[in-house]
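Asker:
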Ligand SMILES: NC(=O)c1ccc[n+]([C@@H]2O[C@H](COP(=O)([O-])OP(=O)(O)OC[C@H]3O[C@@H](n4cnc5c(N)ncnc54)[C@H](OP(=O)(O)O)[C@@H]3O)[C@@H](O)[C@H]2O)c1
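In UniProt numbering, the protein residues as written are 1 to 375.
(1) For the alpha helix (DSSP H) containing residue 78, list its first residue and its last residue.
(2) What alpha helix (DSSP H) runs, 4 residues minimum, are completely inside the segment 242–316?
(3) Is it a yes or a no for the segment 162–181 touching the segment 190–205, going by three-plus beta-carbon pairs under 8 Å?
(4) Using only the alpha-carbon positions, how far apart do residue 304 and residue 343 sit?
(5) What's the C-alpha gap between residue 75 and residue 129?
(6) If residue 49 sits next to residue 105, beta carbons under 8 Å apart, how far is it from one beta carbon to the other, in whole angstroms?
(7) Once the 5 residues before and after residue 261 are set aside, which same chain residues still bring their CB inside 6 Å of it?
(8) Which runs of the beta strand (DSSP E), 3 residues or longer, sit entirely within the segment 166–251?
(9) Let me know the secondary structure DSSP gives residue 148 once reduced to three states.
(10) Since residue 213 and residue 236 are thought to touch, with beta carbons under 8 Å apart, how far apart are those beta carbons, to the nearest angstrom?
(11) Could you tell me the distance, in whole angstroms, from the CA atom of residue 299 to the CA atom of residue 63?
(12) Quick check: the Cα distance between residue 325 and residue 134, rounded to an integer number of angstroms?
(13) Roughly how many angstroms separate the alpha carbons of residue 334 and residue 247, rounded to a whole number?
(14) Would you mind giving the Cβ-Cβ distance between residue 163 and residue 195, rounded to the nearest angstrom? I have them listed as a contact below 8 Å.
(15) Do residue 79 and residue 165 have their CB atoms nearer than 8 Å?
(16) So does the segment 80–89 actually touch the segment 357–370, counting three or more Cβ pairs closer than 8 Å?
(17) Closer than 7 Å: is that where the CB of residue 354 sits relative to any heavy atom of ligand 1?
(18) So for residue 338, helix, strand or coil by DSSP?
(19) Just to confirm the assignment, what range does the beta strand (DSSP E) spanning residue 132 have?
(20) Would you mind sorting residue 251 into buried or exposed? The rule is 16 or more other CB atoms within 10 Å of its CB.
(21) Express the C-alpha separation of residue 154 and residue 121 in angstroms, rounding to a whole number.
(22) Ignore the nearest five residues each way along the sequence and tell me which others in residue 91's own chain have a CB closer than 6 Å to its CB.
(23) Hey, quick one: how far does the beta strand (DSSP E) through residue 116 stretch, first residue to last?
(24) Drop a sphere of 10 angstroms on the beta-carbon of residue 357, count the other beta-carbons inside from all chains shown, and report buried for 16 or more, exposed for fewer.
(25) Where does residue 371 land, buried or exposed, given buried means 16+ other C-beta within 10 angstroms?
(26) Whole angstroms are fine: how far does the CA of residue 311 sit from the CA of residue 94?
(27) Would you call the CB atoms of residue 238 and residue 215 closer than 8 Å?
(28) If you compare alpha carbons, which of 137, 367 and 89 is closest to residue 221?
(29) Measure the beta-carbon distance from residue 72 to residue 112 and round it to whole angstroms, keeping in mind my assumption that it falls under 8 Å.
(30) Is residue 290 a contact residue of ligand 1, with contact defined as CB to any heavy atom under 7 Å?
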């Protein structure tokens, strides 16, 4: 349901329009009134907003935000596409360690087209295709106004759904594959949650490096199709968890080398299966917890297999002083996507059907491809 913000504020006398806008960080009310005749303003923006944490399907709503000032160093971007990622859901639930204060506009990454620029902006012009890099809160709205340093120019030849999704998941896959241990052609990696976007990217990036991938997916309706999809992307082996209910999982490796590196985004039994595949001295990286179950490791695995466990959090990497490195790696991933060497399953959903996309992203309708909102 779309309600005007003004109407909403009237219904909530304790929260004025300006106070609300100030809290979601999109308006400077005093400046706006003083410079009303000279300031460059954005168009009004339709936005998915939450003003308290909780289950996303009950706390988010569509509102219309009034125009905000585009200050001299600001760029106003008309959004084209933005995904719904698990971390977006966690931010709304209030369980993600870094989250914007409420009320907030949802979304964290996306792609848009420059609509207007402030008087001091030289690097961007209307029509440029841009992504927020590092990602930045508030992409689930039709117009985003942020300081020029937030934006990274991207090639218009890259399909918008890839430009919109290139950082959170593909960059995680790339960094985990390239930066954690040295892997050589012919080595193997093992991962669970292989149907995720991160998982699909690991399969393809590994193949590009001559690295084999052993993939674990959960038992569910459509698991045969999921196996086929992963094989087409270049997966060497794909197993459902139940197929790995054998005494010696390594007997299933055939001619593949024992993996030195494992990736876990599920936890519980699925993480134990990743550990079982690892070779002596192997490392498992935990980067997600989709099953919400803890990772448990047997004492003997620690001692006799000399395993190492570690975590990875993209947000920390993005927060470090690596702007040049970040741009280089993002451009590499975008070029792969443009050349069709990096693909993953997505479903594009018009913004007006946001609630449907949200239900799908929440898993209410079973396993679904990544939901990408188009504006
Ligand atoms: N640490 C970091 O910096 C970082 C960065 C990016 C992503 N992540 C994490 O990486 C994970 C994947 O993200 P994504 O956006 O690539 O995922 P996605 O494309 O949205 O896919 C969700 C994945 O989770 C699986 N899944 C959903 N519910 C599950 C459950 N209850 N038990 C087991 N598996 C379940 C799905 O399996 P089906 O196909 O069987 O439904 C699918 O593989 C998430 O945990 C995310 O938070 C972490």
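For each residue, glycine too, the CB sits at the ideal point set by N, CA and C. Note that the structure is predicted; figures quoted are calculated from it, not measured.
Answerer: Well, looking at it:
(1) Per DSSP, residue 78 belongs to no alpha helix (DSSP H); it is in the beta strand (DSSP E), 74–83.
(2) 268–277 and 299–304
(3) yes
(4) 39 Å
(5) 12 Å
(6) 6 Å
(7) 181, 189 and 283
(8) 188–191, 212–217 and 237–240
(9) helix
(10) 6 Å
(11) 53 Å
(12) 12 Å
(13) 42 Å
(14) Their Cβ separation, rounded to whole angstroms, is 22 Å, which puts residue 163 and residue 195 out of contact at 8 Å.
(15) no
(16) yes
(17) no
(18) helix
(19) 129–132
(20) exposed
(21) 17 Å
(22) 99
(23) 111–117
(24) buried
(25) buried
(26) 21 Å
(27) yes
(28) 367
(29) Not really, about 20 Å apart at Cβ, beyond 8 Å.
(30) yes
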